[in-house]
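Note that the sequence shown ends on residue 105 in our numbering; no numbers are left out. Beta carbons: idealized from backbone N, C-alpha and C, even for Gly. This one's a predicted model, so the numbers in the text were calculated from it and none came from an experiment.
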Amino acid sequence: MEIDPARMELLYGFFDTYLQLNEEEEKQVLKEIENLENLSEEEKEVVRHLPNSYYEMGMKEGEQKGTRESKQEIALRMITKGMSVSEIAEITKLSEEEIKKLVDQ
1 MEIDPARMEL LYGFFDTYLQ LNEEEEKQVL KEIENLENLS EEEKEVVRHL PNSYYEMGMK
61 EGEQKGTRES KQEIALRMIT KGMSVSEIAE ITKLSEEEIK KLVDQ
């Protein structure tokens with residue numbers, strides 16, 4: 001199932017534009033891919049990696065998690081500098097409860 005980069009780009013564009021599945025539909029598609037007997041494991045893996053909303057959701061979650069972890073790291077540095085919880089909350093946009101948990105750690 002080798003596809004040249006230009007055709008792969010076309011397929012990605014098609015999936016991104018016309019194949020927006022909801023969560024239930026995504027699960028069904030993945031289940032059906034697993035049940036296809038005429039595809040080898042390698043071919044199934046290629047199909048699984050085509051763009052889909054799970055990939056996009058995962059990217060967004062990763063970005064949010066990274067931003068949150070960065071804010072926590074900054075807050076920890078601010079704590080070590082002796083800044084107040086309210087100042088840290090104002091600057092980092094973390095809640096005071098989150099910052100207090102960091103202080104307790």
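Proximity of residue i and residue j at Cβ, strictly below 8 Å
i: isoleucine 79; j: isoleucine 91; result: no
i: serine 39; j: valine 29; result: First, the amino acid is wrong: residue 39 is leucine here, not serine. Going by C-beta atoms, leucine 39 is not nearer than 8 Å to valine 29.
i: valine 85; j: glutamate 73; result: no
Cutoff 7 Å; reference residue i; Cβ partners in own chain excluding five residues on either side
i: alanine 75; result: Ile88, Thr92, Leu94, Ile99 and Leu102
Own chain residues within Cβ distance below 8 Å of residue i, not counting five before or after
i: leucine 36; result: Lys44
i: glutamate 34; result: Lys44
i: glutamine 64; result: none
i: alanine 6; result: none
6 Å Cβ shell around residue i - same chain, five flanking residues per side excluded
i: lysine 71; result: Thr92 and Leu94
| message | In chain order, what are the residue ranges of uninterrupted alpha helix (DSSP H) at least 4 long that sit wholly in the segment 67-98? | response | 85-92
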